[in-house]
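Notes follow the structure.
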Amino acid sequence: MLLIVGLGNPGREYEKTLHNMGFLALSVLAEKYGKKFVSFECDSLTTLFQINGGKIILAKPQTYMNLSGKAVKGLLKKYDASLSDLIVIYDDFDIPKLSVRARERGSAGTHNGMKSIIAEVNSDNFKRIRVGIGSTNIDKKDFVLSSLSNADLEAYNNVFNEIADTLIAYTSDNDFNNLMRTLNK
């Protein structure tokens, strides 16, 4: 089983913002599998399918970013999944724009959604894929909630496609070290 959670904020006003990198990345992955987010469970939009005999759950928590942990904890419980089954995709203010960093564990850094997940599951021992949005001198909240330009959205779609292709390969080889080598350029 694999539970892949993309972090973001629900609602049209947040749809194409920097803080919704997790939602946007999961949409690309779901599209590659011909899936749509039609189910609502554990405060999340979800889609479920089988690959190579294993269950894959894609989830977009609808709790707003700061309460993402509530949804993740509920999904882990519902699917009787362990933290080793979890991968979280989210935006990261602290790494360069358009870069990707995958890690097997770690702190939340400055990300409130990750702080919520770590607090709810009482561990930082789960996989994550961080999508760099870069930093700025403007207020952090204003920056992460700013809309993406069409050019930036196109550039990020290339990043999301690479993440999706790498996750598809991961479902076959189950080698997170290989995933990290591919994404951590």
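So the number in my numbering is just where the residue sits in the sequence shown, counting from 1, plus 433. In this text, a Cβ means the ideal position worked out from N, Cα and C, and glycines have one as well. No experiment lies behind these values; they were computed from the predicted model shown.
For residue i, the residue or residues it bridges with in DSSP
i: Val564; result: Asp524, Val533
i: Leu481; result: Ile490
i: Thr450; result: Ser580
i: Lys472; result: The question names Lys, but residue 472 in the sequence shown is Ser. Note: Ser472 sits in a beta bridge opposite Thr479.
i: Leu435; result: Ile489
Length of the line joining the Cα atoms of residue i and residue j
i: Phe470; j: Gly439; result: 12 Å
i: Lys488; j: His452; result: 28 Å
i: Leu462; j: Ile596; result: 8 Å
i: Thr496; j: Pro443; result: 8 Å
i: Ile528; j: Lys573; result: 14 Å
i: Asp518; j: Asp598; result: 18 Å
i: Tyr589; j: Asn611; result: 22 Å
i: Lys548; j: Arg534; result: 18 Å
i: Ser460; j: Leu478; result: 11 Å
i: Val554; j: Ala514; result: 12 Å
i: Ser605; j: Tyr466; result: 14 Å
i: Thr480; j: Thr569; result: 35 Å
i: Phe526; j: Phe576; result: 9 Å
i: Ile566; j: Leu531; result: 6 Å
Residue i - DSSP class collapsed to helix/strand/coil
i: Ser501; result: helix
i: Ala492; result: strand
i: Val461; result: helix
i: Ser515; result: coil
i: Thr615; result: helix
i: Gly507; result: helix
i: Gly455; result: helix
i: Gly444; result: coil
i: Gly546; result: helix
i: Ala552; result: helix
Supposed close pair residue i, residue j - CB separation, criterion 8 Å
i: Asn499; j: Gly546; result: 7 Å
i: Met434; j: Asp524; result: The pair is not a contact, with the Cβ atoms about 25 Å apart (cut-off 8 Å).
i: Phe482; j: Lys493; result: Not really, about 15 Å apart at Cβ, beyond 8 Å.
(message) Quick check for students: name the residue ranges of the alpha helix (DSSP H) that lie wholly in the region 555-607, counting only runs of 4 or more.
(response) Secondary structure in the region 555-607: the alpha helix (DSSP H) runs of 4 residues or longer, each lying completely within the stretch, are 573-577, 583-606 in chain order.
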